[in-house]
Each structure stands twice: as C-alpha cells, then as structure tokens.
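Each number in this note's numbering comes from the position in the sequence shown (counting from 1) with 91 added on.
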Amino acid sequence: MSEKFRREENDDEVKNIDRKRNESSSIHGSSSTTPKRSRRDKDDVEKELINEFCSSSNIELNRKEKVHGSSQLDNFYASFLPSSQYYERSYMHRDIVTHVIVTVTDFLISASQDGHIKFWKILTSDYLKQQQTAVATNQSSKTNDEQQEQNNCLIPFPIQFVKHFRAHLGPILSMCVNVSGTLLCSICSDRTLKMFDVLSFDMITMVKLDIQPLTCSFVDSSRQALSKLAISDSQSSSIYIYDAKTLNIKEPLKILSNIGHGSSVTIISYSSEYDLAISCDQTSIINYWSPTH
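Pasting the structure below:
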C-alpha cells in the first residue's frame, strides 16, 4: 500500500511539473507574439497614414490645377469681351446669310437660307445729327440724369436693327431693290414673290408666280413712271417683265425669249444711267438689252 501511495504521489508531482512547464511556455509564447502583432499594427497604421496623406495631397494638387486652368479659361474668354464703355449685340441670323443689299435710302437688308429677311438702318452722320437735334429740343424740360441717359443712347453704331420678317418657307433664290431704294422684291423656290416697302419696312404684296423663278431684278430708272420687274424662268431661257406696282402675273408686260440665251438666266443686272440690262445664263452667255425697247 505504501508503495502504491508513493507511486501516485510521484505521478502527481510529474503532472504538476508538466502543467507548470506548459504554463511557462504559454506565457513566453504569448509574450513573444505580442510585440510582433503590435509591430504589425504600427506598420499598417503608418501605411494608412501615408496613403491618406498622398491622396489628400493629390486632391489638393488636382484642385489647384483645376482652379489654375479655370482662371486661364476665364481670362481667355474675357479677352473677347468688348472693351468699350457701351456695346450692343446684334440680332443675328440663325442660318447662313445668302443675300445682302444696301439701298440709297441708307438701309441694309439681309436674307438667310431659312427664308428670313431683316432690315437694318445705317446710322449715318446726318441721321445722328437729326437725332441729336430732336433730343436738344427736349432737354430743357428734363433733369440732368435724364439728359445724360438720352445722350448715351446717341453713341454712333454702324447699323441698328429695325425689323424682322419670316418671309418665305424655303430658301430665298433672289432678292433685289429698285434704283430709288424704296421697293424690295424677294422670290422663293416655292414660286412665291413678296414685295416690301423699304422706307416703312412693311410687306405690301404677295403673289404666286406661274413660272418657276430663278432670279429677279428691277429694270427701271427713277426717271421712269412705270416700275418694271424682270424675272427669269428656271425651266426655259425666257425673261418675264412685270409691272412692279400691280404685279399682274397673268398679264406680263413683256416676255423676252429671243435675246440670245440658250439656257436659264441666272443673273440680271440693270444700269439706270444707260437704261441697259445685262443678263447671264447657265452656259456663261452674256447679253445686253434695253427693257424699254
């Protein structure tokens, strides 16, 4: 029995020694891994801080570049702004301008491919003097501020917008004005003809032609009582002469078909000084003829 008890006590001592040895090894192992983990944590934190700093610096650089680029664009666009004290923006055409005519009555008339016609008043020195005289008569009854504001409105500009017409639904083929600068005629591919009073910038006549027009021109001088309008036919070499005031389409004044053209007439120009018309067709044949004979 005594030997049995001794053996059990020895076994208990061995177990206690093994337990203590395991506990000490676990303590040493945990103490050895702890600094490794803490070192790894520090490295990760440093990497995150470095990444955040780099990203923030890149964002700041990009922001500065954008600000610098936008300031350069602003300066570039600002260089195109008018530098004068007063300026205005004209009422431009929305499509390609196909015709421009200047009349002796100091009007500029423009037409675009979409059928629009615009009237502009040319501000000459005489016209500005008349406006200043009219203002001077009313200055006695106005305050200084009102006088200054009205004087600013008289600053000379080349042209001034007057009126806009949606004249035709299609492209304008031709546009002409008479010698005295009082009548304007326009023709379209849909065979419509429209007549305008230039001085009152108003449309006075609209007709539908029996022919397919190609070009038009006034062929009368200011000394003649009858105002005549020449229109060429795109389907033949004929030129039709109409009364520009009545525009009786059914009864033209004259039909010129034997003046030497072999194809459709594309250009008609008239000289009031010599009472002579010049026409040119598609085959480049040029003819001179008198509308009165």
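Backbone N, C-alpha and C define an ideal beta-carbon position, used for all residues, glycine too. Treat the numbers as computed from the prediction; the structure is a model and nothing was measured.
*For the beta strand (DSSP E) containing Asn378, list its first residue and its last residue.*
From DSSP, the beta strand (DSSP E) with Asn378 extends over 377–380.
*Could you say which of His255, Val356, Ala169, Phe287 lies nearest to Lys336 if we only look at CA atoms?*
The shortest Cα separation from Lys336 among His255, Val356, Ala169, Phe287 belongs to Phe287.
*Under the three-state reduction of DSSP, which class applies to Met92: helix, strand or coil?*
Reliability of the predicted coordinates at Met92 is poor, the pLDDT of 49 falling under 50, and no value is obtained from them.
*Cβ pair Ile332, Pro262 closer than 8 angstroms*: The Cβ atoms of Ile332 and Pro262 do not sit closer than 8 angstroms to each other.
*Please determine if the segment 188–200 and the segment 252–270 are in contact, where contact requires at least 3 C-beta pairs separated by less than 8 angstroms.*
Cβ pair count under 8 angstroms is three or more, so yes.
*asked:* I need the boundaries of the beta strand (DSSP E) containing Pro304, first residue and last residue.
replied: Pro304 -> beta strand (DSSP E) spans 304–309.
*Of the choices Ile350, Asp366, Cys371, whose alpha-carbon is the least far from that of Thr306?*
Closest option to Thr306, Cα to Cα, is Cys371.
*Report the partner residues of Ile322 according to the DSSP bridge assignment.*
Answer by DSSP bridge pairing, in chain order: Cys307, Tyr331.
*Sub-8 angstroms separation of Lys319 and Leu284 beta-carbons*: Using a Cβ distance threshold of 8 angstroms, Lys319 and Leu284 do not count as a contacting pair.
*Please say whether Ile208 and Phe256 have beta carbons closer to each other than 8 angstroms?*
Yes, the Cβ-Cβ distance between Phe256 and Ile208 is below 8 angstroms.
*Do you know how far the Cα of Asp301 is from the Cα of Ser329?*
Cα-Cα distance, rounded: 13 angstroms.
*Closer than 7 angstroms by C-beta to Val253: which residues in its own chain qualify, once you throw out the five before and the five after it? Chain order, please.*
The residues are Phe210, Trp211, Lys212, Phe292.
*asked:* Contact defined as beta carbons within less than 8 angstroms: I believe Ser312 pairs with Ser277. What is the distance between those atoms, to the nearest angstrom?
replied: Going by Cβ atoms, the distance from Ser312 to Ser277 rounds to 22 angstroms, so no, they are not a contact pair.
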